[in-house]
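Trainee:
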Amino acid sequence: MKKIIFLFLITAFAAAGFSQDKHAKALTTALEDGNAPTRMFVPPSMTDNVAPPFSIAGADGFWDYVTNGANMQNIAVYGDTVIVAYATCDSTDALGATTRLAYYIVSYNGGTTWDAPLVVSSLPNRSAYPEVHSYISGGQRNVVIAGRKYNGTNGANSRGGAWKDAFFGLGSFSGANVPLEGRDFFGAYQNGNTVGGLFSVPNGTVEDTLFYNKYDASTNSFGTRLRVANPGSAQIGANSRYRMAADQTGNNLVAVWYKDSTGTGFSKMMAATSTNGGTSFNTPFVIQMARGLNSVLAPGDTCGPWFGIDAAFKPGTSTYSVVWSTLFPTATGLSSGDNGGCKILFYSPNINGGVPTIVAGKQNMTIMSDTAQFNNRQALQVGVTPVSHPSIAYSADGSMIYCAFSAFQPGDSADTFTYNDIWYTYSANGGLTWATPTNLTNSHTQDELYPTISLTGNSNTSFNIHYISTKGPGSSSFTDNAPVYRVNQCFQKVAITAVNNISTTVPDKFSLKQNYPNPFNPTTSIRFDVVKSSKMSLNVYDATGKLVQTLLNNEVVPTGTNEVVFDAGKLSTGVYFYTLSSDNFRETKKMMLVK
């Protein structure tokens, strides 16, 4: 029988009290400040070069702890130009103590091929937790990489910082440090050559101070810092996690951060806003508090905020939205052992009267509502929750909100950690209600985590996403002491496929029809008969067997004859195969694309 014990994350997650199940390993003390604890090295169990679907060629490595708490804005899409930032290290230095470096990589054809990755700094000056912020200078696109910057003797000191490339795609960087030593600089593009962001001081031993600052790429310098949250006033705790978003004018900003139980006894999700581009922020306010404001949500589930925070503005407006993960609040902390307390929540001031709505949880996910499935798991990766690390973004016209997150796979692994998949959902009414989440990756032999949806380049029928994939679960780069696996960076343009139920007449059997027209250019219709409403997957493969597009991913399809339109506009002329599958049915047919 599954039992729950409370394992508290020491120092790195000070006073958070996040507990896991009986298979969880004891977590070692670690400060994510560039100092790694001494431990026995675990030899690489797999440096498998067989890349998973949608992996970015040339961007593999061995750093598997992507975020230092909040969501990382590590992807930007502008038409066919896709920019992805990531960090990696050597296989013999999985903790990144001497070899961790940040990179960015670019595709100019929508992710079909990628240029060589560009390293942000040179050893011994390491770099980590990169975000990518694009801006236009002299009529040309360029990038700012923000995150953690190591310097000092042998690159031992860490603080927030930013770099700019000499010009886009060159890989010749100049950088600057935030004014005080502290933690990472995370933020958003505002306007002109300016990226605004947050950093905190000190790192994890007492209550932090949260600062706002601007980086000017034209001068490669930071301006005067501004306090957003002060210690000793119940505004912020130790080792805070934070995220900032900006509207399209750069005038309206929202800062969001996780406050641990320091000083109040319960965790909080805090926020502050600015309407003048960061000249000043209003007094911080509480969005959710464990055992307090918005802790009990309909239909009566009790939850408390954890981190994995993200925020975004609706295009063309000053309306902002926030998402985060939750756990069950106990008398001594937060627990992952109660399926009612583990959720993804959404907040926007003018939606649902300012009460958070449920994006994902036991209300709309079987793995969360089915107790047997929920309890069929081992230890979760450090910082990860059963539904975890949400990312939020809008379509360009603001009509759709997309949210992606990771969720555990029921079952065991040889490494005693739980595998994860990437899921997504969407809202067409401003976040008031959400579609049933879809398992995007659904791969039982890969561990996928840390999704980020691009803030740009999304439509009302598709979005762009970056995540990582490894052969085994658990973190070798932080405190899990897990085996070392190759880490692949993955990119997908995800189409929200509409299923048209053209007939409700119950057919004699499950069947997949030949697409029409065939040959086609660039769209064709695929029909199939469903005897009983079922979860179905519909995938398209090229002639080599490579998965090129997922049209349905374990989605509930109604009884009768259904139709899906496949758009092959991004694909080349050739033979393709499409496969319809469910628990007890599988059929494949061939089609021809002629351009």
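Residue 188 in the working numbering sits at position 197 of the sequence shown; the count goes up by one each step and never skips. In this text, a Cβ means the ideal position worked out from N, Cα and C, and glycines have one as well. Only a predicted model underlies this, so the values are computations on that prediction, with no experimental measurement involved.
(1) Can you grab the Cα-Cα spacing for the pair Val57 / Asn509, in whole Å?
(2) For Lys581, which of Asp403, Gln505, Val111 and Ser445 has the nearest alpha-carbon?
(3) Evaluate Asp301 with the Cβ neighbour count: other Cβ atoms within 10 Å of its Cβ, from every protein chain shown; 16 or more gives buried, anything less gives exposed.
(4) Please classify Val134: is it buried, with 16 or more other beta-carbons within 10 angstroms of its beta-carbon, or exposed?
(5) How is Tyr569 classed by DSSP in three states: helix, strand or coil?
(6) Which one or two residues does DSSP pair with Lys523 in a beta bridge?
(7) CB-CB under 8 Å to Ala107, same chain, minus the five flanking residues each way: which ones, in chain order?
(8) Over what stretch of residues does the beta strand (DSSP E) that includes Thr58 continue unbroken?
(9) Rounded to whole angstroms, what's the CA-CA distance from Gly70 to Gly448? Just pull it up for me.
(10) DSSP three-state label for Gln364, please.
(11) Smallest Cα separation from Ser258: which of Tyr249, Thr570, Leu189 and Thr264?
(12) Does Lys353 have its Cβ less than 8 Å from a Cβ in chain B?
(13) Go through its chain and collect everything with a Cβ distance to Ala42's Cβ below 8 Å, but skip five positions before and after it.
(14) For Phe319, collect the residues of the same chain with a Cβ closer than 6 Å to its Cβ; drop the 5 residues on either side in sequence, then sort them by chain order.
(15) Counting only runs that start and end within the stretch 284 to 363, where is the alpha helix (DSSP H) found for 4 or more residues in a row?
(16) Is Asn65 near His380, with beta carbons less than 8 Å apart?
(17) Can you give me the Cβ contacts of Gly422 inside the same chain, cut-off strictly under 7 Å, excluding the 5 residues immediately before and after it?
(18) Report, in whole angstroms, the separation of the C-beta atoms of Leu92 and Thr79, which I expect to be a contact under 8 Å.
(19) Using the rule of at least 16 other Cβ atoms within 10 Å of the residue's Cβ for burial, across every protein chain shown, is Asp587 buried or exposed?
(20) Among Ser386, Ala220, Ser397 and Thr362, which residue has its Cα nearest to the Cα of Leu371?
(21) Would you check if there are 3 or more beta carbon pairs closer than 8 Å linking the stretch 510 to 517 to the stretch 558 to 572?
(22) Could you tell me the distance, in whole angstroms, from the CA atom of Tyr233 to the CA atom of Phe177?
(23) Does DSSP classify Thr409 as helix, strand or coil?
(24) Mark Tyr417 as exposed unless 16 or more other C-beta atoms lie within 10 angstroms of its C-beta, in which case mark it buried.
(25) Leaving out the 5 sequence neighbours to the left and right, which residues in its chain are closer than 6 Å to Val531 when beta-carbon positions are compared?
(26) Less than 8 Å between the beta carbons of Tyr415 and Tyr441, yes or no?
(27) Kindly examine the ligand COA and report whether one of its heavy atoms sits closer than 7 Å to the Cβ of Ala78.
(28) Apart from the five residues on each side of it in sequence, which residues of its chain come closer than 6 Å, Cβ to Cβ, to Gly465?
(29) Use the C-beta contact count for Lys140: other C-beta atoms within 10 angstroms, 16 or more gives buried, fewer gives exposed.
(30) Here's the rule: buried if 16 or more other CB atoms are within 10 angstroms of the residue's CB, otherwise exposed. What is Phe276?
(31) Starting from Phe399, trace the beta strand (DSSP E) in both directions and tell me its first and last residue.
(32) When we look at the beta-carbon of Val169 and count the other beta-carbons within 10 Å, is it buried (16 or more) or exposed?
(33) Might you give, ordered along the chain, the residues of its own chain that have their beta carbon closer than 8 Å to the beta carbon of Phe164, omitting 5 neighbours on each side?
(34) For Cys80, report the span of its beta strand (DSSP E) as first-last.
(35) Based on DSSP bridge pairs, tell me the residues matched to Gly178.
(36) With 16 other CB atoms within 10 Å as the buried threshold, where does Ala485 fall?
Mentor: Well, looking at it:
(1) Residue 57 sits at position 66 when you count from the first residue of the sequence shown. Residue 509 sits at position 518 when you count from the first residue of the sequence shown. Cα-Cα distance, rounded: 43 Å.
(2) By one-based count along the sequence shown, residue 581 stands at place 590. Ranking Asp403, Gln505, Val111 and Ser445 by Cα distance to Lys581 puts Gln505 first.
(3) Locating residue 301 in the sequence shown gives position 310, where the first residue counts as 1. So Asp301 counts as buried.
(4) Position 143 of the sequence shown, counted from the first residue, corresponds to residue 134. Label assigned to Val134: buried.
(5) Within the sequence shown, residue 569 is the residue found at index 578, counting from 1. In this structure, DSSP gives Tyr569 an extended state, which the three-state scheme calls strand.
(6) Position 532 of the sequence shown, counting from 1, holds the residue named residue 523. DSSP, once it has assigned bridges, lists no residue as partnering Lys523.
(7) As a working note, residue 107 is residue 116 in the sequence shown. If we look at Ala107 and ignore the five residues flanking it on each side, its Cβ neighbours are Gly49 and Ile96.
(8) Position 67 of the sequence shown, counted from the first residue, corresponds to residue 58. It is not in any beta strand (DSSP E) - Thr58 carries neither H nor E in the DSSP assignment.
(9) The count along the sequence shown starts at 1 and reaches residue 70 at position 79. The count along the sequence shown starts at 1 and reaches residue 448 at position 457. Cα-Cα distance, rounded: 6 Å.
(10) Here residue 364 is taken as the residue at index 373 of the sequence shown, counted from 1. Three-state result, Gln364: helix.
(11) Within the sequence shown, residue 258 is the residue found at index 267, counting from 1. Ranked by Cα distance from Ser258, the first of Tyr249, Thr570, Leu189 and Thr264 is Tyr249.
(12) No chain B appears in this structure, which consists of one protein chain only.
(13) As a working mapping, residue 42 is identified with position 51 in the sequence shown. If we look at Ala42 and ignore the five residues flanking it on each side, its Cβ neighbours are Ala48, Asp51 and Asn479.
(14) Looking up residue 319 in the sequence shown gives position 328. Contacts found: Ser326, Asp329 and Gly332.
(15) 357 to 360
(16) Here residue 65 is taken as the residue at index 74 of the sequence shown, counted from 1. Here residue 380 is taken as the residue at index 389 of the sequence shown, counted from 1. Going by C-beta atoms, Asn65 is not nearer than 8 Å to His380.
(17) The residue given as residue 422 occupies position 431 in the sequence shown. Taken in chain order, the residues that qualify are Ser312, Phe337, Ser339, Ile342, Thr348 and Ile392.
(18) For this step, residue 92 is matched to residue 101 along the sequence shown. For this step, residue 79 is matched to residue 88 along the sequence shown. 7 Å between Cβ atoms; contact.
(19) Any question about residue 587 goes unanswered here, given that the chain covers just -8 to 586.
(20) Numbered from 1 along the sequence shown, position 380 holds the residue referred to as residue 371. Of the candidates Ser386, Ala220, Ser397 and Thr362, the one whose C-alpha sits nearest the C-alpha of Leu371 is Ser397.
(21) Taking 8 Å as the limit for Cβ pairs, the verdict is that the stretch 558 to 572 does touch the stretch 510 to 517.
(22) Here residue 233 is taken as the residue at index 242 of the sequence shown, counted from 1. Here residue 177 is taken as the residue at index 186 of the sequence shown, counted from 1. Taking the straight line from one Cα to the other gives about 8 Å.
(23) Taking the first residue of the sequence shown as position 1, residue 409 is located at position 418. Coil, per DSSP.
(24) Position 426 of the sequence shown, counted from the first residue, corresponds to residue 417. By the neighbour-count rule (16 or more Cβ atoms within 10 Å), Tyr417 is buried.
(25) Within the sequence shown, residue 531 is the residue found at index 540, counting from 1. Taken in chain order, the residues that qualify are Val539, Gln540, Tyr567 and Tyr569.
(26) Residue numbering aside, residue 415 sits at position 424 when the sequence shown is read from its first letter. Residue numbering aside, residue 441 sits at position 450 when the sequence shown is read from its first letter. Not closer than 8 Å, so no.
(27) This structure lacks the ligand COA, and indeed carries no ligand of any kind.
(28) Counted from its first residue, the sequence shown places residue 465 at position 474. Gln372, Asp406, Phe408, Asp471 and Ala473, listed in sequence order.
(29) As a position in the sequence shown, residue 140 is number 149, starting the count at 1. Lys140 is buried by the Cβ-count criterion.
(30) Translated into positions along the sequence shown, residue 276 becomes position 285. Phe276 should be labelled exposed.
(31) Taking the first residue of the sequence shown as 1, we reach residue 399 at position 408. That run of the beta strand (DSSP E) goes Ile392 to Phe399.
(32) Here residue 169 corresponds to residue number 178 of the sequence shown, with the count starting at 1. By the neighbour-count rule (16 or more Cβ atoms within 10 Å), Val169 is buried.
(33) The residue given as residue 164 occupies position 173 in the sequence shown. Answer for Phe164: Val111, Ser112, Ile136, Trp154, Lys155, Asp156 and Ala157, listed in chain order.
(34) Position 89 of the sequence shown, counted from the start, is the residue given in the question as residue 80. Counting along the chain, Cys80 falls outside any beta strand (DSSP E), and DSSP gives it neither H nor E.
(35) For the purposes of this step, residue 178 is identified with residue 187 of the sequence shown, where counting begins at 1. Paired residues: Gly188.
(36) In the sequence shown, residue 485 corresponds to position 494, counting from 1. Correcting the residue type first, residue 485 is Val in the shown sequence and not Ala. Label assigned to Val485: buried.
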